[in-house]
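Novice:
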Amino acid sequence: MMDPLKFRELLRRIEWKNLALLAVAVALLAAYFKLFIITALIASVIAASLLVQKFQLRLFGFETVTFSTVIMGVAYGPVIGGIFGMAMVLVSLVISGYFGIYYLWIIPEYAVAAYLASQWYGGDILSVGLNITIILQVANIVLTYFFDRYSFFQHIVYSATNIVFNFAAFALFGPVLVGILK
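My numbering numbers the first residue of the sequence shown as 31 and each following residue consecutively.
1) List the endpoints of the continuous alpha helix (DSSP H) containing Tyr106.
2) Report the three-state DSSP secondary structure of Leu87 (helix, strand or coil).
3) Assign Ala61 to buried or exposed, taking buried as 16 or more other Cβ atoms, counted over all protein chains shown, within 10 Å of its Cβ.
4) Buried or exposed: where does Ala199 fall if 16 or more other Cβ atoms within 10 Å of its Cβ makes it buried?
5) Apply the 10 Å Cβ neighbour rule to Gly103 and answer buried if 16 or more other Cβ atoms are within range, or exposed otherwise.
6) Determine the DSSP secondary structure at Gly130, reduced to helix, strand or coil.
7) Given that a residue counts as buried once 16 or more other Cβ atoms are within 10 Å of its Cβ, and exposed if not, what is Gly91?
8) Alpha helix (DSSP H) containing Gly152: first to last residue?
9) Indicate the three-state DSSP secondary structure (helix, strand or coil) for Phe213 in the structure shown.
10) What would DSSP say about Phe203, mapped onto helix, strand or coil?
11) Start and end of the alpha helix (DSSP H) containing Lys212?
12) Here's the rule: buried if 16 or more other CB atoms are within 10 angstroms of the residue's CB, otherwise exposed. What is Glu39?
13) Classify Ile155 as buried or exposed, calling it buried when 16 or more other Cβ atoms lie within 10 Å of its own Cβ.
14) Whose C-alpha, out of Trp150, Ile113, Gln83 and Ile76, is nearest the C-alpha of Val121?
15) Are the beta-carbon atoms of Ala144 and Gly115 separated by less than 7 Å?
16) Measuring only the C-alpha atoms, how far is Lys64 from Ala55?
17) In whole angstroms, what separates the C-alpha of Trp46 from that of Phe66?
18) Taking only three categories from DSSP, how would you classify Tyr62?
This is how it looks when you write it as structure tokens:
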């Protein structure tokens, strides 16, 4: 048991103003934690896009739009997830420096991805996320073959690395983020 004199001394040494500020900060964090997570997803899309642009990593499938779109589709449904996905893929493409005919199919694909995520999710985000990633990449390979054959083989490398990257993202972070946002 603590000595009453030591306890009083401890209470005198506590700076109550700082303790109150800490309590307010914790309360605000708890109240706005979902918004913080959504902001972090947006920041991850922008950061990945900037890295691709700065280090010319266009050959590799390093992007967080698919992951973020699937998470948002599961957590908030097809409409919010689809709008989020289309906006984020447009931001990612512009920042990364990707320009071309594939804008015509890539942007709508992310609305479809959010819809599929909202319909298929049954508790296993890794399976849903990986299946949607594979569907997106197969569709992109086929459409690239028909409309941009010059980029076809580059897109195969991109697709393979993107599937591996998204597998890791969904395995490591997917369950936690869905648990927080759903």
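Don't be surprised by glycine CBs; every beta carbon is placed ideally from N, CA and C.
Specialist: A quick look at the data gives this:
1) Element bounds for Tyr106: Val95 to Ser126.
2) Annotated three-state conformation of Leu87 is coil, per DSSP.
3) Using a 10 angstroms sphere on the CB of Ala61, the tally of other CB atoms stays under 16, which defines it as exposed.
4) Classification of Ala199: buried, given that the 10 Å Cβ count is 16 or more.
5) So Gly103 ends up on the buried side.
6) Secondary structure at Gly130: coil, using DSSP grouped into helix, strand and coil.
7) Of the other Cβ atoms in all chains shown, 16 or more fall within 10 Å of the Cβ of Gly91; this residue is therefore buried.
8) Neither: Gly152 is in no alpha helix (DSSP H) and is coded neither H nor E.
9) Given a span of 31 to 212 for the chain in the structure shown, any question on residue 213 remains unanswerable.
10) Coil at Phe203, not helix or strand.
11) Taken as a continuous stretch (DSSP letters only), Lys212 belongs to no alpha helix (DSSP H), as it is neither H nor E.
12) Result: exposed.
13) Around the C-beta of Ile155, 16 or more other C-beta atoms lie within 10 Å, and the residue is accordingly described as buried.
14) Of the listed residues, the one whose Cα sits closest to Val121 is Ile76.
15) Yes, they are a contact pair.
16) Approximately 15 Å, taken between the alpha carbons.
17) If I take the Cα positions, the gap works out to 27 Å.
18) Tyr62: coil per DSSP, three-state reduction.
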